[in-house]
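Student: Below you'll find the structure I mean.
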């Protein structure tokens, strides 16, 4: 209010996001357009951009809003969608992805965003940032359009690891609630465990074990455990966090995306069937725009890697500028909330709890009826 | 063409479908309305109707088209949606579901249709009809709206059993191709194995084993093995048959159904947002009807139980008359094609093949590169 804002202070208070400019389907120009969009909306954000500097500098120079807000880290190599994670772990040191993660590791940036190869990004993230103490399997969490008041549910794991045991699923529940609390202002998230029915006798034995383990933590960790949920609840309004293994979660999101895309195709066909239906489509344009905005996958772009020492956001490989900007915004928001530190504290305390509870849980599981 | 049709001959040549009148959410009136719809469209169909005869007779009497085409089997008890399969297996003898399956077992009917509890129906089907020789786990196959020329893909298993090993998945591939061939006139179906990626190094070890097992049968069993497919391919056009375990398949279909339902809600909201959008909706009515017809789940109502001595169709619990009629039509069509016999022959010959191939497969798996 009083006095002229001090520009250098402003710079210092900015939250810096590390961005891998390469690896997306549409190339670095789209990534630069995305961060320019973010910079325009948010004066408190700055960037470290990773990739071939000679290629990136002219792209950044074209966007006046990025003036003085982008630092470069030259990285000549690119991780492609075809590269296997194991290869990238051995030979990826010169890549923009590796460099982007290193900025987080060095504490230069509060989080990293990449549109690149998911498997490679997870493998490099584990290699460079390391797992949080107490986390066995990190997870990828995504937002999913739903009938919830907030418009989204969080589901994890959607593909970091094809396997998860009861302990892992408990960790996912804890990390997922922490994520929801910090990204959506929900103080007591509702958590559900994905299964083929809501009755407690259904599903795999591991799921029954996870059910009682997660239930035993609900009070201490301040979430509401809804119990088993079904695939139909993912876009519904009975939970805020859906916990599952990475195999099931990955199949579920891809089936959901595929179904949505089939419906869009069918809708397009229906409205281009005849001259009359084309006219109706013209008149319905505003409604159709409203619909597609509500279900726009770009609004929820960004899978968050949970369980690492640092925040990593995987943007969709096919993301456009709006999508990249959404992923950057998510990284910013989580940094602003001090999410990485809160998550680390939470997982550490729950790891201690797990050791305590292992004994008491096995006691309370005695047949007492 | 010549002479008056002989009525008794007509009766004798009818294909008889056994229908469980009870257990659906909407009660027996809807089931009777459904079979009346089928009877109206198809002169070659007759019914045995199971349930409390005193309740059913007046309902049937109201539908003139059903005159002389329905036999009754009085069954006082009903399997509810809450009943556990194990209870029904012990105490279900007086239920309409049990009775409906018995008509198939006795050879009085060519197939059974029920809207009741899926778990109970599968358990009773296994108890009364028994598994086909060579089948370890029966499966439930459903049709899924897709971008295929035929408009549907077949997916199995969607919930008969939460587990499936490589042998089971091979059986699913064989049963699924047989089903597609007999219900859709596709001579060389394309088969895909559901996984989290299409690369051969991805997914669980069991899936890799199933991949090579199914591949080794493709030529003999006359299907095209596409290899691994992803969730997004379920509504797509790269396969005709999608093979997966009952846990994954069940989560996938429910996620897809939930997503479709979310989109319908969002579309309704978009078109009722303002007076203008309501007017647009009125004008777009024909297009919207065309869309909803294409994606109408009632058109594809009916999960088929594969791997039993007899055809059993599970209609959706919430099916209306159109849905019941679609399930009846599917049972009729499969009976007409002699599907049960063809499937039995196919599975038997493949069981013999499996024994032969077990030896040669392990030989060919020797590291020969």
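Residue numbers (the working numbering), protein chains in the order written: chain A, 44 to 412; chain B, 44 to 412. Even glycine gets a Cβ: it sits at the ideal position worked out from N, Cα and C.
(1) Can you tell me which of 221(A), 307(A), 70(A) puts its alpha carbon nearest to the alpha carbon of residue 139(A)?
(2) Secondary structure at residue 78(A), three-state DSSP: helix, strand or coil?
(3) Give the residues of chain A in contact with residue 331(B), contact being defined as C-beta atoms less than 8 Å apart.
(4) Helix, strand or coil, according to DSSP, for residue 162(B) in the structure here?
(5) Jot down the residue ranges of each uninterrupted alpha helix (DSSP H) in the segment 202 to 275 of chain B, minimum 4 residues, whole runs only, in chain order.
(6) Between residue 315(B) and the rest of its own chain, which residues show a CB-CB distance below 8 Å, the 5 nearest in sequence each way excluded?
(7) Using a Cβ cut-off of 7 Å, pull out every chain B residue sitting near residue 273(A), in sequence order please.
(8) Distance check for residue 252(A) and residue 410(A), CA to CA, integer angstroms please.
(9) Just grab the DSSP bridge partners of residue 58(B) for me.
(10) May I ask you to list the residues that DSSP assigns as paired with residue 157(B)?
(11) Can you tell me the Cα-Cα spacing of residue 281(A) and residue 299(A), whole angstroms?
(12) Buried or exposed, going by whether 16 or more other CB atoms sit within 10 Å of the CB of residue 273(B)?
(13) Sort out for me which residues DSSP pairs residue 286(A) with in a bridge.
(14) Rounded to the nearest angstrom, what separates residue 106(A) and residue 213(B) at their Cα positions?
(15) DSSP three-state call for residue 188(B): helix, strand or coil?
(16) Suppose you measure from the CA of residue 137(B) to the CA of residue 113(B); what does that come to, to the nearest Å?
(17) In chain B, what lies closer than 7 Å to residue 227(A) by C-beta?
(18) Which residues bound the alpha helix (DSSP H) around residue 366(A)?
(19) Does residue 278(B) have its Cβ less than 7 Å from a Cβ in chain A?
(20) Return helix, strand or coil for residue 277(A), following the three-state DSSP convention.
(21) So, is the C-beta of residue 80(A) closer than 7 Å to a C-beta in chain B?
(22) Is the segment 281 to 297 of chain B touching the segment 199 to 214 of chain B in the sense that three or more CB pairs, one from each, lie closer than 8 Å?
(23) I need the straight-line Cα distance from residue 357(B) to residue 391(B), nearest angstrom please.
(24) Measuring straight from C-alpha to C-alpha, what distance separates residue 119(A) and residue 67(A)?
(25) Is the separation between the beta-carbon of residue 91(A) and that of residue 182(A) shorter than 7 Å?
(26) Have a look at residue 364(A) and residue 217(B) and give me their C-alpha separation to the nearest angstrom.
(27) For residue 145(B), which of helix, strand or coil comes out of DSSP?
(28) Enumerate in chain order the residues of its own chain whose CB-to-CB distance from residue 122(A) is below 7 Å, with the five nearest sequence positions on each side excluded.
(29) Could you tell me the distance, in whole angstroms, from the CA atom of residue 245(B) to the CA atom of residue 167(B)?
(30) Output, in sequence order along the chain, the residues in the segment 179 to 193 of chain B whose CB is closer than 8 Å to any CB in chain A.
(31) Any beta carbon of chain A sitting closer than 7 Å to that of residue 352(B)?
(32) Which same chain residues, not among the five before or five after residue 199(B), have their C-beta less than 6 Å away from its C-beta?
(33) To the nearest angstrom, how far is it from the Cα of residue 125(B) to the Cα of residue 240(A)?
(34) Residue 93(B) and residue 116(B) - do their beta-carbons sit closer together than 7 Å?
(35) Can you tell me which of the three DSSP states residue 299(A) falls into?
(36) Quick one: which chain A residues come within Cβ less than 7 Å of residue 310(B)?
Tutor: Taking the definition as stated:
(1) Minimum Cα distance to residue 139(A) is reached at 70(A).
(2) Residue 78(A): helix per DSSP, three-state reduction.
(3) Here the neighbours are 313.
(4) Residue 162(B): helix per DSSP, three-state reduction.
(5) Within the segment 202 to 275 of chain B, the runs of alpha helix (DSSP H) at least 4 residues long that lie entirely inside it are, in chain order, 209 to 227, 248 to 260.
(6) Excluding positions up to five away in sequence, the list reads 321, 324.
(7) In chain order: 297.
(8) Caution is warranted here: a pLDDT of 34 is assigned to residue 410(A), below 50, making its placement in the model unreliable, and the coordinate value is therefore given only provisionally. Rounded to whole angstroms, the gap between the alpha carbons of residue 410(A) and residue 252(A) is 15 Å.
(9) Paired residue(s): 88(B).
(10) Beta bridge pairing from DSSP links residue 157(B) with 63(B), 357(B).
(11) Approximately 18 Å between the Cα atoms of the pair.
(12) Residue environment for residue 273(B): buried (at least 16 other C-beta atoms within 10 angstroms of its C-beta).
(13) Beta-bridge pairing links residue 286(A) to 199(A), 236(A).
(14) Distance between the alpha carbons of residue 106(A) and residue 213(B): 56 Å.
(15) DSSP places residue 188(B) in strand when its eight states are reduced to three.
(16) Taking the straight line joining both Cα atoms gives about 20 Å.
(17) Result: empty, since nearest Cβ-Cβ is about 18 Å, beyond 7 Å.
(18) Residue 366(A) -> alpha helix (DSSP H) spans 364 to 379.
(19) So yes, residue 278(B) belongs to the interface.
(20) Three-state DSSP puts residue 277(A) in coil, outside helix and strand.
(21) Not an interface residue.
(22) Touching, yes, given that three or more Cβ pairs across the two stretches are closer than 8 Å.
(23) Near 24 Å, if we compare the C-alpha coordinates of residue 391(B) and residue 357(B).
(24) Each residue's alpha carbon lies about 15 Å from the other.
(25) No, these two residues do not count as a Cβ contact at 7 Å.
(26) Those two C-alpha atoms are separated by around 46 Å.
(27) Looking at residue 145(B) - three-state DSSP - the assignment turns out to be helix.
(28) So the list reads 66, 131, 135, 138, 140, 159, 160, 163, once near-sequence residues are dropped.
(29) Residue 245(B) and residue 167(B) have their alpha carbons spaced roughly 37 Å apart.
(30) Cβ proximity to chain A below 8 Å picks out 188, 189, 190 from the segment 179 to 193 of chain B.
(31) With a threshold of 7 Å between beta carbons, residue 352(B) makes no contact with chain A.
(32) Answer for residue 199(B): 182, 184, 215, 219, listed in chain order.
(33) The alpha-carbon atoms of residue 125(B) and residue 240(A) are separated by roughly 12 Å.
(34) Contact flag set, yes.
(35) Of the three classes helix, strand and coil, the one that applies to residue 299(A) here is helix, per DSSP.
(36) Those are 334, listed as they occur along chain A.
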